[in-house]
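S.K.: Protein chains in written order, with my numbering: chain A, -9 to 185; chain B, 34 to 245.
1) When you compare the CB of residue 45 of chain A with every CB in chain B, is at least one pair closer than 7 Å?
2) Run through DSSP, which three-state label would residue 136 of chain A get?
3) As an exercise, report each continuous alpha helix (DSSP H) stretch of at least 4 residues that is fully enclosed by the stretch 48 to 89 of chain A, in chain order.
4) Is there a Cβ of chain A sitting closer than 7 Å to that of residue 176 of chain B, yes or no?
5) Could you give the DSSP three-state label for residue 242 of chain B: helix, strand or coil?
6) Helix, strand or coil: how does DSSP classify residue 154 of chain B here?
7) Once you ignore the five residues that flank residue 220 of chain B on each side, which residues in its own chain have a CB closer than 6 Å to its CB?
8) Let's test the definition: count the other Cβ atoms within 10 Å of the Cβ of residue 67 of chain B and tell me whether it reaches 16, buried, or not, exposed.
9) Since residue 206 of chain B and residue 90 of chain B should fall inside the 8 Å C-beta cutoff, what is the C-beta to C-beta distance between them, to a whole number of angstroms?
10) Listed from N- to C-terminal order along the chain, which residues in the stretch 118 to 133 of chain B have their beta-carbon within a distance smaller than 9 Å of any beta-carbon of chain A?
11) State the CB to CB distance for the pair residue 235 of chain B and residue 175 of chain B, rounded to an integer number of angstroms; the pair is presumed to be in contact (CB under 8 Å).
12) In three-state terms, what does DSSP make of residue 175 of chain A?
13) Name, going along the chain, the residues of the stretch 153 to 181 of chain A whose beta-carbon falls closer than 9 Å to a beta-carbon of chain B.
14) Using a C-beta to C-beta distance shorter than 8 Å, which residues of chain A count as neighbours of residue 78 of chain B?
15) What is the rounded straight-line gap between the Cα of residue 151 of chain A and the Cα of residue 165 of chain B?
16) Once DSSP output is grouped into helix, strand and coil, what is the label at residue 222 of chain B?
17) Considering Cα atoms alone, identify which of B:188, B:196, B:150, B:133 is closest to residue 232 of chain B.
18) May I ask you to list, following chain order, the residues of the stretch 149 to 181 of chain B that have a beta carbon less than 7 Å from some beta carbon of chain A?
19) In three-state DSSP terms, what is residue 126 of chain A?
20) Whose C-alpha, out of B:118, B:114, B:62, is nearest the C-alpha of residue 99 of chain B?
21) Can you confirm whether residue 88 of chain A, when its beta carbon is compared against all beta carbons of chain B, has any partner nearer than 7 Å?
22) So, is the C-beta of residue 146 of chain B closer than 7 Å to a C-beta in chain A?
23) Put residue -8 of chain A into one of helix, strand or coil per three-state DSSP.
24) Buried or exposed: residue 227 of chain B, going by 16 or more other Cβ atoms within 10 Å of its Cβ?
25) Answer yes if the stretch 170 to 182 of chain A comes into contact with the stretch 12 to 20 of chain A, meaning at least three C-beta pairs across the two stretches below 8 Å, and no otherwise.
26) Decide if residue 75 of chain B is buried, meaning its Cβ has at least 16 other Cβ atoms within 10 Å, or exposed.
27) What's the C-alpha gap between residue 38 of chain A and residue 215 of chain B?
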């Protein structure tokens, strides 16, 4: 589903990625590790199409609407409620039975009680849960997740473990993390980016 | 049909954000009224109708610019634009939704500004001026929203937007002042042509503005 050959990315004079090769088969679960600044986030942004490679080849065999991207930022509006944010994304992604799906996800991630609160009042952990709801809302085929366990408490981490295990059979995963041990049971491959 | 639904959802979102945050429209209202008050005292007694209309258009253009600087503020805050860009909808819907919301803010500011202008400066607002303002609003919002999107990606966005917008607003000012003062149909036609050409250019190019 993802194939990269001699992938390179520069921002001006700064080379962020150099000569990266990787392949993720459909149904695979690739964990990407590496120190801070090694280019993990850049790789993920390249794979979802938010950045373009400077050199090399990158093929991602999935349409834009079938991608589920979890970024560093939650990609939600602070002045809107969780319900309003997810409703907007649900409309844009043409999610069938949108309201039911939103309700189900908010309940699963224990955000139902706070669904009508403005997102600006959420804690960092609640924002991460909402970001996960947003990324999972349209049942993507390819999950591109940047540090998905960031800011989650023990309960949130357990919820995400369960969610990933459930979705593992239905999707392909590309996950950047500093804690690869969390994904040991799920991962089919691991790539370490060295600076 | 889904394209229109996307535009509607995006425009409603911007209007809702403004209703909650109230950080664009009140500033625009305050600015336009303040500018007209300042102009009222700076314009000499017995100054021509031509000069008064010129100042109205200065006030309107800078009021619009003030609104445009906030146009993508909510998206910038938490990189929300990335989320919108990744959605399967046509990316021009983001531009059109924003332009519609911006148009609503500008019209709301003008609902206050035009009667205030008539009060301070005397000359009444006739149909041709209203037509000129309406057509100018369309041009300002289509071009301004695209340029605001471009500037949003830059660190020097507050500087960049006026530098990009004001030169492109010159034809709008010429057409608007011409329609207000001369009342010539050709100025209205000129504004229609400007709007049509720039709407097509902006619609076709927004995709390249929001992607690398």
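Where is the CB? At the ideal position from N, CA and C, for every residue including glycine.
Note that this is a predicted model, so its numbers are computed, not measured.
M.R.: Let me spell this out:
1) Numbered from its first residue, the first chain carries residue 45 of chain A at position 55. With 7 Å as the cut-off, residue 45 of chain A does not count as an interface residue toward chain B.
2) As a working note, residue 136 of chain A is residue 146 in the first chain. Strand, per DSSP.
3) 72 to 82
4) The sequence position of residue 176 of chain B within the second chain is 143, counting from 1. No - not a single Cβ of chain A is within 7 Å of the one on residue 176 of chain B.
5) The count along the second chain starts at 1 and reaches residue 242 of chain B at position 209. DSSP places residue 242 of chain B in helix when its eight states are reduced to three.
6) For this step, residue 154 of chain B is matched to residue 121 along the second chain. If DSSP states are grouped into helix, strand and coil, residue 154 of chain B belongs with the helices.
7) In the second chain, the residue the question calls residue 220 of chain B occupies position 187. For residue 220 of chain B, where only same-chain residues beyond five positions count, the Cβ hits under 6 Å are 208, 211, 212.
8) To locate residue 67 of chain B, count along the second chain from 1; it is residue 34. Under this definition residue 67 of chain B is an exposed residue.
9) The sequence position of residue 206 of chain B within the second chain is 173, counting from 1. The sequence position of residue 90 of chain B within the second chain is 57, counting from 1. Indeed, because the Cβ distance is near 5 Å, the residues count as touching under 8 Å.
10) 118, 119, 120, 121, 122, 126
11) In the second chain, counting from the first residue as 1, residue 235 of chain B sits at position 202. In the second chain, counting from the first residue as 1, residue 175 of chain B sits at position 142. That pair is a contact at about 5 Å.
12) The sequence position of residue 175 of chain A within the first chain is 185, counting from 1. Residue 175 of chain A: coil per DSSP, three-state reduction.
13) none
14) In the second chain, the residue the question calls residue 78 of chain B occupies position 45. Here the premise fails: no neighbours, minimum Cβ distance about 46 Å.
15) Numbered from 1 along the first chain, position 161 holds the residue referred to as residue 151 of chain A. Numbered from 1 along the second chain, position 132 holds the residue referred to as residue 165 of chain B. Distance between the alpha carbons of residue 151 of chain A and residue 165 of chain B: 60 Å.
16) On the second chain, position 189 is the one that residue 222 of chain B refers to. Three-state result, residue 222 of chain B: helix.
17) Walking along the second chain from the start, residue 232 of chain B turns up at place 199. Ranking the options by Cα distance to residue 232 of chain B, first place goes to B:133.
18) none
19) For the purposes of this step, residue 126 of chain A is identified with residue 136 of the first chain, where counting begins at 1. Note: residue 126 of chain A maps to helix in three-state DSSP.
20) Counted from its first residue, the second chain places residue 99 of chain B at position 66. Among B:118, B:114, B:62, the Cα nearest to that of residue 99 of chain B belongs to B:62.
21) Here residue 88 of chain A is taken as the residue at index 98 of the first chain, counted from 1. So no, residue 88 of chain A is outside the interface.
22) Walking along the second chain from the start, residue 146 of chain B turns up at place 113. For residue 146 of chain B, the answer is no, since every Cβ of chain A falls outside 7 Å of its Cβ.
23) Locating residue -8 of chain A in the first chain gives position 2, where the first residue counts as 1. The answer is strand: DSSP assigns residue -8 of chain A an E or B state.
24) Position 194 of the second chain, counted from the start, is the residue given in the question as residue 227 of chain B. Burial call: buried.
25) yes
26) Walking along the second chain from the start, residue 75 of chain B turns up at place 42. Exposed, since its Cβ has fewer than 16 Cβ neighbours within 10 Å.
27) Here residue 38 of chain A is taken as the residue at index 48 of the first chain, counted from 1. Here residue 215 of chain B is taken as the residue at index 182 of the second chain, counted from 1. One C-alpha to the other measures close to 54 Å.
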